[in-house]
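Notes follow once the structure below has been shown.
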Amino acid sequence: MEDYGRILVSGIVAGSLGRFLLLRVDYRQYPSFPRGYITHLMLGFIASALGAIAIPALVEKEYTAVTFLALAAQQFREIRSMERDSLDTIDRTELVPRGSDYIEDIAKTFEARNYISMATALSVSLGVYLTKDIAAGIGIGALVFAAVVYSIRGQRVGDIARVVKAEISFEGPLLKVDGVVLMNVGLSAAREKYLTRALAVRIIPKDDNARATLGNVGQRQAIAHNAATQLGIRKDVDEPEFTPIARRNTESGDIVFAVFSFEPDIECLIEAIEKTPVLESSKRKPLDSPAGRKAAD
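See below:
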């Protein structure tokens, strides 16, 4: 029993620590502090306990106990639904919404982090059991943790496209960025503000896969949300003319984007867009198909 105690404690501590390391509040302010911290840390602890207990259960041929892993997977899927519903509710109060695709991506991330805690605890428990050494088990767990985190690291917009400064102009009431029409801005005062204080960029895909990905409406909404959140947005409710919008140039596949931000720094805007995550639901790979490769030649 003493050996099992070392195995369980080592696995639970390592898995919980892994969940803590993945728990961070950034510009998105989600999870919120401190309620979100408590929720996710407790879920990480539960996931770690389930992962750590699997090895002793298998050694003692208590195969029924291992079915708790399947139950945990079901519960983590419920957590994903909970996160999605929570973010959907919050999104209704955003001046620039995240969009359903971005919300789904965040919910998947939180679900995956519980599995990472479980896998870390399981690997530490297995390492301690096989080597009879806690330090060796923790080392194995650290390697597994680092490998899994690295493998699920997603792409950023800057990985698939170039972001360059673009020019804002008007053709009558039509707001244009590098010749692409974005919206109708009826008020002359609003048009003057765009010409003197707004920022605009052009996002140039690196290949056909990137072109298809950036064409996704959810991906463009994520870009608009990130830019507005990080640089601020000079608008209030019922001011649609100042809502940032990303449009696609149907001739080239480039994306043009204009934002009326509090911080009129083009370099910061480019950085914010480049670091926007590429959403899983928006990824497209036409070049992986025979027809797509032939069409691109």
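This note's numbering numbers the first residue of the sequence shown as 30 and each following residue consecutively. No residue lacks a Cβ here, since even glycine has one placed at the ideal position from N, Cα and C.
Alpha carbon to alpha carbon, how far is residue j from residue i? Give it in angstroms, no decimals.
| i | j | result |
| --- | --- | --- |
| residue 27 | residue 285 | Residue 27 cannot be examined here, being either before or after the span of the chain that is shown, 30 to 326. |
| residue 58 | residue 324 | Residue confidence for residue 58 is low, a pLDDT of 49 falling below 50, so the modelled location carries little weight and cannot support an answer. |
| residue 136 | residue 89 | 36 Å |
| residue 276 | residue 138 | 28 Å |
| residue 279 | residue 52 | 40 Å |
| residue 174 | residue 190 | 30 Å |
| residue 248 | residue 93 | 44 Å |
| residue 344 | residue 287 | Any question about residue 344 goes unanswered here, given that the chain covers just 30 to 326. |
| residue 232 | residue 262 | 20 Å |
| residue 201 | residue 289 | 19 Å |
| residue 163 | residue 172 | 14 Å |
| residue 101 | residue 38 | 19 Å |
| residue 188 | residue 91 | 47 Å |
| residue 236 | residue 161 | 51 Å |
| residue 213 | residue 110 | 38 Å |
| residue 244 | residue 259 | 22 Å |
| residue 293 | residue 87 | 60 Å |
| residue 314 | residue 234 | 13 Å |
| residue 80 | residue 67 | 20 Å |
| residue 291 | residue 199 | 21 Å |
| residue 159 | residue 83 | 14 Å |
In three-state DSSP terms, what is residue i?
| i | result |
| --- | --- |
| residue 308 | coil |
| residue 113 | helix |
| residue 85 | helix |
| residue 211 | strand |
| residue 123 | coil |
| residue 108 | helix |
| residue 58 | Annotation note: pLDDT 49 at residue 58 (below 50); position unreliable, coordinate value reported separately. Coil, per DSSP. |
| residue 251 | helix |
| residue 291 | coil |
| residue 191 | strand |
| residue 216 | coil |
| residue 198 | strand |
| residue 285 | strand |
| residue 136 | helix |
| residue 231 | strand |
| residue 205 | strand |
| residue 167 | helix |
| residue 313 | coil |
| residue 226 | helix |
| residue 35 | helix |
| residue 263 | coil |
| residue 182 | coil |
Does the separation of the CB atoms of residue i and residue j fall below 8 Å?
| i | j | result |
| --- | --- | --- |
| residue 227 | residue 197 | yes |
| residue 35 | residue 157 | yes |
| residue 47 | residue 129 | no |
| residue 246 | residue 195 | no |
| residue 40 | residue 154 | yes |
| residue 152 | residue 170 | yes |
| residue 251 | residue 308 | yes |
| residue 133 | residue 310 | yes |
| residue 306 | residue 215 | no |
| residue 121 | residue 254 | no |
My understanding is that residue i touches residue j, with C-beta atoms under 8 Å, so please give their C-beta distance in whole angstroms.
| i | j | result |
| --- | --- | --- |
| residue 97 | residue 70 | Not really, about 20 Å apart at Cβ, beyond 8 Å. |
| residue 44 | residue 150 | 3 Å |
| residue 113 | residue 304 | 23 Å between Cβ atoms; not a contact. |
| residue 33 | residue 85 | 5 Å |
| residue 302 | residue 256 | 6 Å |
| residue 209 | residue 203 | Not really, about 10 Å apart at Cβ, beyond 8 Å. |
| residue 12 | residue 124 | The structure shown does not extend to residue 12, since the chain is modelled only from 30 to 326, so the question has no answer here. |
| residue 177 | residue 148 | 6 Å |
Is residue i near the ligand NAP, judged by its Cβ being under 7 Å from some heavy atom?
| i | result |
| --- | --- |
| residue 135 | Because no ligand of any kind appears in the structure shown, any question about the ligand NAP cannot be addressed here. |
Check whether the stretch 70-80 touches the stretch 142-149, counting contact only when three or more Cβ pairs, one atom from each stretch, lie closer than 8 Å.
-> The stretch 142-149 and the stretch 70-80 touch, with three or more beta-carbon pairs separated by less than 8 Å.
Segment contact, 8 Å Cβ cut-off, at least three pairs: the stretch 295-302 with the stretch 263-271 = A contact between stretches requires three or more CB pairs, one per stretch, nearer than 8 Å, and the stretch 295-302 fails this requirement with the stretch 263-271.
Could you say if the stretch 100-107 and the stretch 239-247 meet the contact criterion of at least three C-beta pairs nearer than 8 Å?
-> For the pair of segments examined, the stretch 100-107 was found not to touch the stretch 239-247: the number of CB pairs separated by less than 8 Å stays below three.
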